[in-house]
Amino acid sequence: MKAFTYERATSAREAASAAIRTPGAKFIAGGTNLLDLMKLQIETPQHLIDVNGLGLDKITPTSEGGLRVGALVRNTDLAADVRVRKDYGVLSRALVSGASGQLRNKATTAGNLLQRTRCPYFYDTTKPCNKRQPGSGCAAIGGFNRNLAVMGTSEACIATHPSDMAVAMRVLDATVETVNAAGQTRAIPIADFHRLPGATPNIETSLAPGELITAVTLPKPIGGTHIYQKVRDRASYAFALISVAAVIQPGGRGRLAFGGLAHKPWRVEAAEAQMPNGAKATASAVLAGARTTSQNAFKLPLVERTIGAVFEEAKA
Amino acid sequence: MKFDTPATANPTDRMKVLGQPHDRVDGKLKTTGTAHYAYERNDAAPNAAYGYILGSAIAKGRIESIDDADAKAAPGVLAVVTYQNAGKLGKAKNHTARMLAGPDVQHYDQAVAVVVAETFEQARAGAKLLRVNYARTAGRFDLAASQASATKPKSGNPDTAVGDFAGAFAKAAVKVDERYTTPDQSHMMMEPHSTTAAWKDGKLTLWTSNQMIAWAVGDMSETLLLPKESIHVMSPYVGGGFGSKLWVRSDAVMAALGSRAIGGRPVKLALARPQVMNNTTHRPATIQRLRIGAQKDGKITAIAHESWSGDLPGGGPETAPNATRLLYAGANRMTATRLAVLDLPEGNAMRAPGEAVGLLALEAAMDDLAEKLQMDPVQLRIINDTQVDPEKPSRQFSQRDLVGCLKTGAERFGWNKRNAVPGQVRDGRWLVGMGMASAFRDNVTMKSGARVGIDKKGVVTVATDMTDIGTGSYTIIAQTAAEMMGVPMDKVIVLLGDSSFPASSGSGGQWGGNSSTAGVYAACMALRDTVARKLGFNSTDVVFEDGKVKSGNRSVSLSEAAGDAGLSAEDSIEFGDLTKTYAQATFGAHFVEVGVDSATGEIRVRRMSGAFAAGRILNPKSARSQVIGAMTMGVGAALMEGAIVDTRFGYFVNHDLAEYHVPAHADIPMQDVFFMDELDEKSSPMKAKGIGELGLCGVGAAIANAVYNACGVRVREYPLTLDKVIGRMA
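Protein chains in written order, with my numbering: chain L, 18 to 333; chain Z, 209 to 938.
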């Protein structure tokens, strides 16, 4: 870990200003990912702006009938919130399937969205990684990539986004609210928040420099059966090989979003029209354009089989 | 004391303290954080500086240059030690690769430098500032690609043969011929390799985390070219080893070099988790071929087990066929062990080396055979039981209750409820299956010494360099001394893990429990003699009980006998050739129920049950802990563990506990453990055998067999991850 300076922000706008003012600054909230990355010198911020004191830790109703989740609401608290459990069950289930109790107690809503990939080459500073060191190459292509992306990949990067929570937010059409140093606020649809890697896998979100997430807004509840099916190599404390966030309405229509497939939560709205036609048709539409390796090709049949299981569960 | 004839009645038979489920005597220290581990010796080595190792970024080649200017100038950095300024170093016989690279690099993450600084963060940041230029040369990292180049190892028993395997196999009515692979595995004990080192007047003190204290002194002596007398090693508490701490590793050597570079001030150094995987040793991957031929009645007529593994030049093989030489009858048999040169980090012993991976193949092949014979897998094993060494029928087993384990285990588990046809049992989405396997592990004994004293308060103190690597050595040694000297447990003090104490067996190969307590037995017998002689008692009828020494109608308290000066005696147990005249091994049977998700192919163990025969169980509570821990390790080996080699760079790529999976709590169900009532008089005066590794042997195959029974898919490439299953499921 490199030495860094530290400050505690007292307002969101001030935090954003501090980030603009200090090159190489980073916000820190729960620190469950950032501190690990700093120890390994994958992230080497000169300055940390602690946003824990900003008061953004409330879950409040919106005038549209939805919920506004403060950026600092801890994963444990969000998962346990009665309104979330009742109306956004997929989100609650996704949250509790991730990490461990201790991590969820620390991890925040905004921080969870901003998690960085678990690609092993990103984590190893002696290896090429375009995300960590732009232009150095991608060691994962041609390397150990069993759990890496099959959708939306590029020649520069096949990393996945590791979050479970973000997959559920994607299926719920959440909106990410931000503020910048000038005090301007922005509402970014979750679909546009995370980016595909393209030629710049180091740029992972549509946040501008210094822009701070203040909340995630969930639209009015849409009813339906909420399912989060996470498929993994052990029963707990493992990242998804694939995951399916589903909200299924009577009659079999609904929405599906996927984790473990891409650089962002993966959702193909057009494919959802195929849901009444069954798992095979749906998976085929979701996975159009997939690019696999010999190690991760199993994800395609796994998606189809898991969609099938989710459809069965919704009927039950 | 020489142990060369079977034990007769002795004081251990009282079983007042021995054989009882005593809590760990060190439990309170551990649960309150007051047991000082090697990295936490502020009490003994205050004001320690911190060391951090920079490992090689290449797997094979040469260090061209090292620029340490920025590192040396970094805040807090006190010293940088590399091969250029370390002074002359040797290579210990126990080490395959050198502990410090340079100029040649032998494997990825081999230590290139240690940076010593005032704080841990400064040392680690300093290491990042070292600029090392390497000249990389091509290496061999792929076992399958190197299989054809494998050769016969020079030592051990690489080839065994009895009868005419080829002829008998060709003629066999029912045959199995299958190939199996097991991956490289990392020990991944909780406490990484850690050392605090300090020098004074040319003498080195090491507080280190180590299983074998006398070996540690020897390894350090050979590495630092220092007399053994100048090295003091202490390792009273060890946070797990599993074989990775049988020898000192770079943490000890580099901490010692770091301390020497700053004038002897203590330096503490713990390997980072990725270094545990790539800087130290691992269990080597294997390719195995099993051929079994049987008559229609199930009797094995031909059995062959071949194994290929790799290691650095000068290293050794994984002896996977070990168990196959002794487990089942069969007149025609052969094994072959072959070794390829690989430039991966050093391959070496991990819990139950040989058997752990060998049984993953053998016991899966037996399941195949049972199915082809349409015979119950338990019955197949009973039919092929042998009471003699099948390679040398004149040599009997000292004790062998495999059949008892099979029957008892099957009964406890409810094996008779198994549907032999795969894929028939469902529980909602889950396909449910049952599988079983035999457990087998050699019983090894090692010379072991101890010193036992009594003071004027009647307190018995045992000192031996034996280690407790989480196994319960403190407790069973205390139980042994209490039983032998006739005192309660709270009158016994056990001091372990110090090279100034009598040399012991150490902990490894499941020999530690039996051997070290036998050494304490020997010392206690000597002390009893000393006491009896001092009191003028006839040593043949003397009884030690209730804190007293009794003979005829005379009775003297131990404290009185000890007097102000106290009494003490030292002895060791030396094992004769009973292991040659008798085959000595431990046995068991594993029964497992698994669920396979019919959609996703996820495999989860639902319950596990095992029966084990391993001589006298010295403490059923700590023995059970050993077995359930080993069963848990077996779940990992079967379902998730595997160090992935990136053959482009020659290293294990999933080098932390987020990516190298071991079972989490949620993976482990109810575990039932039953110990057969057994004494083995030919093993030691304790009549005990090893129990630390047996529980791992065979369990993975039982899981693989249960997976087959659940869903009809046989996977012979461990671990059984779902990607190997879903493509072949209905």
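C-beta: ideal position from N, C-alpha, C; glycine also.
Predicted model, so just to flag it, every value in this text is computed and none were measured.
Taking residue 273 of chain Z as reference, the option from Z/811, Z/340 and Z/266 with the minimal CA-CA separation is Z/340. DSSP, reduced to helix, strand and coil, places residue 205 of chain L within a strand of the structure shown. In the structure shown, residue 342 of chain Z falls within a strand segment according to DSSP collapsed to helix, strand and coil. The alpha-carbon of residue 23 of chain L is positioned some 47 Å away from that of residue 834 of chain Z. In the structure shown, the three-state DSSP call for residue 57 of chain L is coil. Neighbourhood of residue 874 of chain Z in chain L, by CB distance below 7 Å: 252 and 253, in chain order. Straight-line measurement puts the Cα of residue 622 of chain Z at about 50 Å from the Cα of residue 778 of chain Z. Taking residue 595 of chain Z as the centre and dropping the five residues before and after it, the same chain places the C-beta of 604, 605 and 608 closer than 7 Å to its C-beta, in chain order.
Using a Cβ-Cβ cut-off of 8 Å, residue 325 of chain L is close to 807 of chain Z, given in chain order. Residues of the same chain with a CB within less than 7 Å of the CB of residue 456 of chain Z, apart from the 5 flanking positions on each side, are 416, 418, 424, 427 and 428 in chain order. Here the C-alpha atom of residue 46 of chain L lies approximately 25 Å from the C-alpha atom of residue 213 of chain L.
Here residue 475 of chain Z is buried: its Cβ has 16 or more other Cβ atoms, across all protein chains shown, within 10 Å. The beta-bridge partner set that DSSP reports for residue 42 of chain L consists of L/64. Contact between the stretch 231-238 of chain L and the stretch 848-859 of chain Z is absent: fewer than three C-beta pairs spanning the two stretches fall below 8 Å. Annotated as distal: residue 208 of chain L and residue 108 of chain L, with beta-carbon spacing of 9 Å or more. From the beta-carbon of residue 862 of chain Z, the residues of chain L found nearer than 9 Å are 137 and 161. Closer than 9 Å to the CB of residue 485 of chain Z there is not a single CB belonging to chain L.
Apart from the 5 residues on each side of it in sequence, residue 887 of chain Z sits with its Cβ closer than 7 Å to the Cβ of 823, 824 and 895 in its chain, given in chain order.
Interface with chain L (9 Å Cβ-Cβ cutoff): residue 848 of chain Z is included. With a threshold of 16 other beta carbon atoms within 10 Å, residue 629 of chain Z falls short and is exposed. One Cα belongs to residue 280 of chain Z, the other to residue 492 of chain Z, and the distance between them is close to 38 Å. Here residue 220 of chain L is exposed: its Cβ has fewer than 16 other Cβ atoms, across all protein chains shown, within 10 Å. The beta carbon of residue 213 of chain L sits no closer than 9 Å to any beta carbon of chain Z. Taking each of Z/335, Z/586, Z/215 and Z/315 in turn and checking the Cα distance to residue 480 of chain Z, the smallest one comes out for Z/335. Membership of residue 832 of chain Z in the alpha helix (DSSP H) is indicated by the continuous run 828-847. Residue 105 of chain L and residue 35 of chain L have their C-alpha atoms spaced approximately 35 Å apart.
Put simply, the CB of residue 18 of chain L is near chain Z, with a gap under 9 Å to one of its CB atoms.
The alpha-carbon of residue 544 of chain Z is positioned some 14 Å away from that of residue 356 of chain Z. A straight line joining the alpha-carbon of residue 84 of chain L with that of residue 276 of chain L spans about 23 Å. Distance between residue 86 of chain L and residue 127 of chain L, taken at the CA atoms: about 9 Å. Residues of the stretch 47-66 of chain L whose Cβ lies closer than 8 Å to any Cβ of chain Z, in chain order: 56 and 58.
DSSP, read as helix, strand or coil, puts residue 820 of chain Z in strand. Taking 4 residues as the minimum length, the alpha helix (DSSP H) runs contained wholly in the stretch 155-206 of chain L are 182-188, in order along the chain.
Interface with chain L (9 Å Cβ-Cβ cutoff): residue 352 of chain Z is excluded. In the displayed model, residue 763 of chain Z falls within a strand according to three-state DSSP.
Annotation for residue 333 of chain Z: the continuous alpha helix (DSSP H) segment containing it runs 328-336.
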